[in-house]
Every structure is written in structure tokens, then in C-alpha cells.
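Colleague: According to this note's numbering, the sequence shown is numbered sequentially starting from 30.
A virtual CB, placed ideally from N, CA and C, is assigned to each residue, including glycine.
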Amino acid sequence: MQEARKVIPVIFLFLVFGYIASLAYTFLQDIPVQLIEPFLLSWRMHSVLLLFVNYLPAWQTAGILTGYAVVFSTRKEPVRRWSEVHIAWLKGAFTLCIVLSAVFVILSEGVVPLSLRTRETLVSRTADYTNNMELAARHITAREYAEAEIRIQFALAVWPDSSEALSLLERVRYSLALEAESLYADGNKTGMEDVSRYVLNPEGLSVISAIDLSREASSQMDWYAQHYYAMLAWRLASDTDPNKEYALRLAADGWNHIVEGSALLSAKDDAELYRTKRDGYEALDAGDYLRAYYIFNDLSQAEKESGLRDPDVGRFLTLSRQGLLQQSFFIDETLSVRAFESARDIVFTIKTPGGLTDVVSMRGLTYAKNNNTDVWYIRDFEMARFDPVYSLVFRLAVPYAKMFPYRLSDEEAQPRILLRSVDRDRREIEVIPQILEGAMSEADSYSVLLEMPYRELNAVIAANRGFDTMTLAELTGFADRADRYGFSSRAVITHMLARFSDPFLVLVISILALTLGWKYRMEPYSFFKAWWVLVLPLIPFVLMMTIGVVRYIARLVITVFVYRSPAMAMVFTLGTLSLSFIFSCLYFWGQRSE
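1) Anyone know if the C-beta pair for I65 and T147 falls short of 9 Å?
2) Could you tell me how far apart the beta carbons of M640 and P444 are, in whole angstroms, since I believe they sit closer than 8 Å?
3) Taking the straight line between their C-alpha atoms, what separation do you get for V152 and L585?
4) Label T395 either buried or exposed according to how many other C-beta atoms from any shown protein chain fall within 10 Å of its C-beta, with 16 as the threshold for buried.
5) Need the endpoints of the beta strand (DSSP E) that T395 sits in, please.
6) Evaluate S225 with the Cβ neighbour count: other Cβ atoms within 10 Å of its Cβ, from every protein chain shown; 16 or more gives buried, anything less gives exposed.
7) Taking the alpha carbon of E466 as the point to measure from, which residue in M597, S474, E459 has its own alpha carbon closest?
8) For D409, which three-state DSSP category applies?
9) Quick one: using the 10 Å Cβ neighbour count with 16 as the cut-off for buried, is V36 buried or exposed?
10) I'd like the span of the beta strand (DSSP E) that includes V422, first residue to last.
11) What are the residues that DSSP puts in a beta bridge with P444?
12) Contact between the stretch 39-53 and the stretch 81-94: three or more CB pairs below 8 Å?
13) Label M250 either buried or exposed according to how many other C-beta atoms from any shown protein chain fall within 10 Å of its C-beta, with 16 as the threshold for buried.
14) Just list the residues that DSSP pairs F359 with in beta bridges.
15) Counting along the chain, where does the beta strand (DSSP E) carrying I374 start and finish?
16) Judging by CA-CA distance, which residue of N487, V132, L606, R73 is the nearest neighbour of I582?
17) Check whether the Cβ atoms of A430 and L448 lie closer than 9 Å to each other.
18) Tell me which same chain residues have a C-beta within less than 6 Å of the C-beta of G515, skipping the five on either side of it?
19) Return the chain-ordered list of same chain residues with a C-beta closer than 6 Å to the C-beta of A177, the five sequence neighbours on each side being excluded.
20) Could you tell me if K548 is buried or exposed, where buried requires 16 or more neighbouring beta carbons within 10 angstroms of its beta carbon?
21) Mapping DSSP to helix, strand and coil, what is G577?
22) Give me, in chain order, the residues of the same chain whose beta-carbon lies closer than 6 Å to that of M391; leave out the 5 immediate sequence neighbours on both sides.
23) Roughly how far, in whole angstroms, is the beta-carbon of L198 from the beta-carbon of I179, given that I think they are within contact range, below 8 Å?
24) Compute the Euclidean distance between the alpha carbons of P382 and T544, then round it to the nearest angstrom.
25) Considering P467, what are the terminal residues of the beta strand (DSSP E) in which it resides?
26) Name the DSSP beta bridge partners of E459, please?
27) Using the C-alpha atoms, what's the distance from G283 back to T269?
28) With a CB to CB cut of under 8 Å and the five nearest residues on each side skipped, what residues in its chain are close to Y48?
29) Excluding the 5 residues preceding and the 5 following I587 in the sequence, name in chain order all residues of the same chain whose CB lies nearer than 8 Å to its CB.
30) Would you check if the distance between the CB atom of L44 and the CB atom of I93 is smaller than 9 Å?
31) For Y592, collect the residues of the same chain with a Cβ closer than 7 Å to its Cβ; drop the 5 residues on either side in sequence, then sort them by chain order.
32) For F610, name the three-state secondary structure that DSSP assigns.
33) Does the beta-carbon of L346 have 16 or more other beta-carbons within 10 angstroms, so that it is buried, or is it exposed?
34) Which first and last residues belong to the beta strand (DSSP E) in which V541 is found?
35) Check the C-beta distance from V236 over to A266 and give it rounded, since I have them as a contact under 8 Å.
Shown next, in the form of C-alpha cells:
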């Protein structure tokens, strides 16, 4: 181990030199992508790191070769083949190589994928800034200053110190002031409502508890609640449940009171309000949540203007909104979808157990968290479905969609995608999917349930970014299900085994470099050889090419293993690496000196 400790400073010097060389090379090259000014340094530093890690085996192997060539020169006595001296040297060198390989694994599997994703994010955020500034300019030309301000704010979220965006924002706000307009005027704010605490069918609600709620509402003369919970109990009860008939009687009693209340009203306005409220409740009870929502929303707006408050209106507006959001989503939720997308250009297939094949395309994905629930907003969603003989069943497209995990009873959660979006206040505004080919009912086109576990969604998104951006653990978990999503399992396994074998190849090459260090060691007490002046600077670059060739050959061999026998590819790869390692160790152990 003493020899290994003497080599560590030499390896460190080579690594420092390698990082400086990577730094110089990267900063002398032009950036191959378009980036805004704040991202330039970050891109270059991540590029330096990627270049350094890629050639790290060459730098550390050069340090081993050079360092041990100097250390071996201190040995004056002859060394026989298979001697204990070689074993002691091999143990120390092997320990050092293991440590260096561990460092390489940490960097290549922990840092490199993260750096690749970061560079991809820098490019996409630059596109966000550029696109929002272009859209802002178009809105200004069209005198749409409120929309222009929104786009400029998105651009400033990417680059807060942009003089161009700040100047444009000042100009837009001046124009808004002149026209006395403001996007955020009191009473006009819209946003995502928190409705998750309202549940149409509360989890765990039994027939008896629903009946109890209905009877409690009856005692308080809350006839709408009595009818609502009685009908809920009737739906929950089985046909053989004696409570089913009782629930129906409770519902009928509540409805009779509702009708009687309408007849007793004498004032025209009160009668009109009562009829409108009853129409909304009928729509809610029938499952027409969109119509019910607009009715109770209009009543709620009228209450704000009059200053009066009807508790039924607020309660049923909440229930109808909750039901609506199980079928549709509000258009204004997508206002910032294009601003900060998490992923782009996602394409994959899903082979269902019934033999159908779905092809899914998403131009952009924006991730959000709403009350501890994952929510994805999708830009330019398109889906095509093929039957078992690959005849097209339908193909639909919609500008925006909303996706979230959806669980049926005790089954595993699956991605559910809402395809219909509506306006919060205006009935006439509605965005529904366009059926491009084939046919499907309008109701079926409002949402789709992807036949895949929701937990596998992130792996599919990562695979679309490229296998290099995935960690070895992600590749291993994705390999056996890649075919189902339109990726080649053999390609994934090949990439996985190539990444897996890389540290072992570096270990084998390091042991061979140890042998070269012995063969070309300096003479005892000789600290300089003239030809080293020429050779020493070339060692890292020769090793770069050598390691590149070895990696290429290893990938070819692994590809043959995978395509010949995918199930045994790992065994064959491990066997080949083990034999190579044993041979390199025996080759070093067999060296001798005169």
C-alpha cells in the first residue's frame, strides 16, 4: 500500500491537468445551441464536467502508468514471476483502482445524467424566454396589452434581469394605464380553485351513514340535502338491501318539500330563484355537472351583486364544480402551461391486454402539485388507437389536456387524461377534442384512461429524453417493459450493459497500465529519461483513443450477446469481464525483472 500512496499525488496531478484541459477546450469552442446570457456559464461548466468525466478513465490510467513506472524504479532487487512482491503490489494497485472506479461510477451515474438533464433544461428555458418575448411583441402590435404583460412576466421568470423584457414591461404598463385596463382588477382574478376537500361520494360513506345524513338534513328542513344524501344512499345500496326502499322514500319526501316550497312562494323574484335553483339541483342529481355548475355559478354571481346569501347555492356550486372537474377542466388552468414545461416531445405506445395499441403524442408537459396530488398539463395532445390487426379505430387531437393519477377501487393508479376544457363563467366557450380519423362518441372523447401504471410514467418520459439521461437504476427497471411503450428492450439492455461494464473495463485497463508501468519503469535511482519528455504528454491522449476503441469493441460484443440471447446477455457480459480481469491480473503477476 505504500507504493499506492506514492502514486496518488501523480494521479491527482493528471486529474487536475485533465480538468484544466477540459475547461480550456470547452471555453474555446462555440456553444452549439442558442442560449440566453444567464445560461451561458452554466452550460459551459456542465459541458466541462461531462467532458472531464467521459475521459476520466484516461487521466486516472495515465496517472497509474506514470506513477507506478516511477515507484517501480525504486526496487533494486530482481523480482521473479509469481512472486509475493508482485502480489503485494497488485493488492495495493487493485485497491487504488477500485477506489478510482468507484469515483468514476459516482460521477458517471450520479452527476452525468443530472448534467445532461440540466443542459436540456437550459435549452428549453431559453426557448421559453424567446417564445414569450415573440408572443409579447405580437400582442403589443395587436394592442393586446394585458396578454402582452402576461407573456413578459413569463419571460422575466426565466431571466429576471433582462433589460429588453423590463423595458418592454414598462412600455406595456404605460399603455395599460393610458387605457385604464388591468388584468388583475378587483373581481376579475381567476385561478385554480381548491375543491379537493369536497367529495361527491365520500370515501367510506356507507348506506346507513348516508341515510343518517339525510334524516339529519330533514330535521333541519334542508330539503335539498335530504334528497341528495337519500339518493346517494339509494345508489350505494344493493338491490337486496332493505334500506334501498327506505332511502327512496326519504328522497321522495325531500323532493315533495322542494316542490311544495316552490308553490308556496308568492314573490316573482323568489319563485324564479327557487325554480332556477331546482333546475340546477336536477342537473346535479342527473350527473349533468356542467349545466349545474353554470346555473349555480350564475346564482353565486347574482348573490355577490345583491349582497344576499343562500347557503344552498354555495354548497351545490361546490358539488357541481367537483363533479365537473372529474370530467373537464377550466381553460384558464392552462394559462401558464407553455411557460415552464417539464418535458417536451413525448411519444410512446401502449399495448393493452385486449390487443389494442394506443399511440400517444404530447408536445409539452407541465408538472404541478395540487393538494398532494400530481397534476400534468399537456400541450398539443394527440392519440391514435389501433385494433389487434392494426386498423385505425380513431385518432383525436386537442390543444390542451389535463392528466392525473386515477385509481379504480383497489387497482393500481393509472394516468387519466381530461380532454374537454370549459370557461369558468361563459357557457359558450368550450374546447373539445377534434376527431381527425375514425369515430367515437362525443362523451367518450372527453377523457381517456391510459392502460399503464401511473408509476411508470416518469420512466417513459425519461426514455424520451434519451437513455444517456437515465441512471443505471432507471434503465434496469425500464428494460423489461420498454417494448410495451414502443422502445426496444434490446436497445435498453445493450445501453444498460455498456454502462454497467464501463467501470470494469476501466479496472482491467488500469491493471494493464500497471503492467506497462512495470515494463517501462525507470532505472533504479534514475529520475529522468530523455524520451519521456516526448512521450509523457502523449500518454493521456493515447489512452483516450485506446479506451474509446475498447468501449466501442465492448459495445459490439454486448450487442451480439443481447441480440443472440437477451436472457443470458448479462451472464455472458459478466463472464467476459471476469476473464479479462483475471487475465490482466495474471499477466501482471507473471512479470519479472532481470
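Modeller: Taking the definition as stated:
1) Within the sequence shown, the letter at position 36 stands for residue 65. Within the sequence shown, the letter at position 118 stands for residue 147. Their beta carbons are not under 9 Å apart, which means I65 does not touch T147 by this criterion.
2) A question about residue 640 goes unanswered here, because the residues of the chain that appear run from 30 up to 623.
3) Walking along the sequence shown from the start, residue 152 turns up at place 123. Walking along the sequence shown from the start, residue 585 turns up at place 556. Their Cα atoms are separated by approximately 32 Å.
4) Counting from one through the sequence shown, the residue named residue 395 turns up at place 366. T395 should be labelled buried.
5) Translated into positions along the sequence shown, residue 395 becomes position 366. That run of the beta strand (DSSP E) goes 386-399.
6) If you number the sequence shown from 1, residue 225 lands on position 196. Summary for S225: the model assigns pLDDT 28, below 50, so the residue's position carries little reliability; its value from the coordinates is reported in the next sentence. Answer is exposed; the Cβ neighbour count stays below 16.
7) As a working mapping, residue 466 is identified with position 437 in the sequence shown. Considering only alpha carbons, the answer is S474.
8) Within the sequence shown, numbered from 1, the residue matching residue 409 stands at position 380. In the structure shown, D409 sits in a strand (DSSP, three-state: E or B).
9) Residue numbering aside, residue 36 sits at position 7 when the sequence shown is read from its first letter. So V36 counts as buried.
10) For the purposes of this step, residue 422 is identified with residue 393 of the sequence shown, where counting begins at 1. Segment 421-435, the beta strand (DSSP E) holding V422.
11) Locating residue 444 in the sequence shown gives position 415, where the first residue counts as 1. Partner(s): P434.
12) With a cut-off of 8 Å, the stretch 81-94 and the stretch 39-53 count as touching, because enough Cβ pairs lie within range.
13) As a first step, residue 250 is located in the sequence shown; it is residue number 221 there, counting from the start. By the neighbour-count rule (16 or more Cβ atoms within 10 Å), M250 is not buried but exposed.
14) Sequence index remark: in the sequence shown, residue 359 carries index 330 (1-based). Looking at the DSSP assignment, F359 forms a beta bridge with V451.
15) As a first step, residue 374 must be located in the sequence shown, where it is residue number 345. The sequence shown places Asp at residue 374, rather than the Ile named in the question. First-last of the beta strand (DSSP E) with D374: 372-380.
16) For the purposes of this step, residue 582 is identified with residue 553 of the sequence shown, where counting begins at 1. The shortest C-alpha separation from I582 is found at L606.
17) For the purposes of this step, residue 430 is taken as residue 401 along the sequence shown, with counting starting at 1. For the purposes of this step, residue 448 is taken as residue 419 along the sequence shown, with counting starting at 1. Result yes, Cβ atoms of A430 and L448 sit closer than 9 Å.
18) Along the sequence shown, read from residue 1 onward, the residue named residue 515 stands at position 486. Cβ within range, chain order: F377, T378.
19) Here residue 177 corresponds to residue number 148 of the sequence shown, with the count starting at 1. Here the set comprises A165, H168, I169, V201.
20) Residue 548 sits at position 519 when you count from the first residue of the sequence shown. Counting Cβ neighbours within 10 Å, K548 comes out exposed, since fewer than 16 surround it.
21) Translated into positions along the sequence shown, residue 577 becomes position 548. Helix.
22) What you label residue 391 is simply residue 362 of the sequence shown in a count that begins at 1. Closer than 6 Å at the Cβ level, and outside the excluded window around M391, lie I375, I407, F410.
23) Counted from its first residue, the sequence shown places residue 198 at position 169. Counted from its first residue, the sequence shown places residue 179 at position 150. Rounded, the Cβ-Cβ distance is 11 Å, inconsistent with contact.
24) Here residue 382 is taken as the residue at index 353 of the sequence shown, counted from 1. Here residue 544 is taken as the residue at index 515 of the sequence shown, counted from 1. One C-alpha to the other measures close to 57 Å.
25) Translated into the one-based positions of the sequence shown, residue 467 becomes position 438. As written in the sequence, residue 467 is Gly, which differs from the Pro given in the question. Element bounds for G467: 463-467.
26) Counting from 1 along the sequence shown, the entry for residue 459 is found at position 430. DSSP, once it has assigned bridges, lists V451 as partnering E459.
27) To locate residue 269, count along the sequence shown from 1; it is residue 240. To locate residue 283, count along the sequence shown from 1; it is residue 254. Cα to Cα, the separation comes out at about 23 Å.
28) The residue given as residue 48 occupies position 19 in the sequence shown. V77, F81.
29) Numbered from 1 along the sequence shown, position 558 holds the residue referred to as residue 587. Excluding sequence neighbours, I587 sits near T523, L526, A527, S530, A598, T602.
30) If you number the sequence shown from 1, residue 44 lands on position 15. If you number the sequence shown from 1, residue 93 lands on position 64. Their beta carbons are not under 9 Å apart, which means L44 does not touch I93 by this criterion.
31) As a working mapping, residue 592 is identified with position 563 in the sequence shown. So the qualifying residues of the chain are R519.
32) The residue given as residue 610 occupies position 581 in the sequence shown. Helix.
33) Numbered from 1 along the sequence shown, position 317 holds the residue referred to as residue 346. Counting Cβ neighbours within 10 Å, L346 comes out buried, since at least 16 surround it.
34) Counting from 1 along the sequence shown, the entry for residue 541 is found at position 512. Reading off the sequence, residue 541 comes out as Leu, not Val. L541 -> not in any beta strand (DSSP E); alpha helix (DSSP H) instead, spanning 518-548.
35) Taking the sequence shown and counting its residues from 1, the one referred to as residue 236 is at position 207. Taking the sequence shown and counting its residues from 1, the one referred to as residue 266 is at position 237. Going by Cβ atoms, the distance from V236 to A266 rounds to 5 Å, so yes, they are a contact pair.
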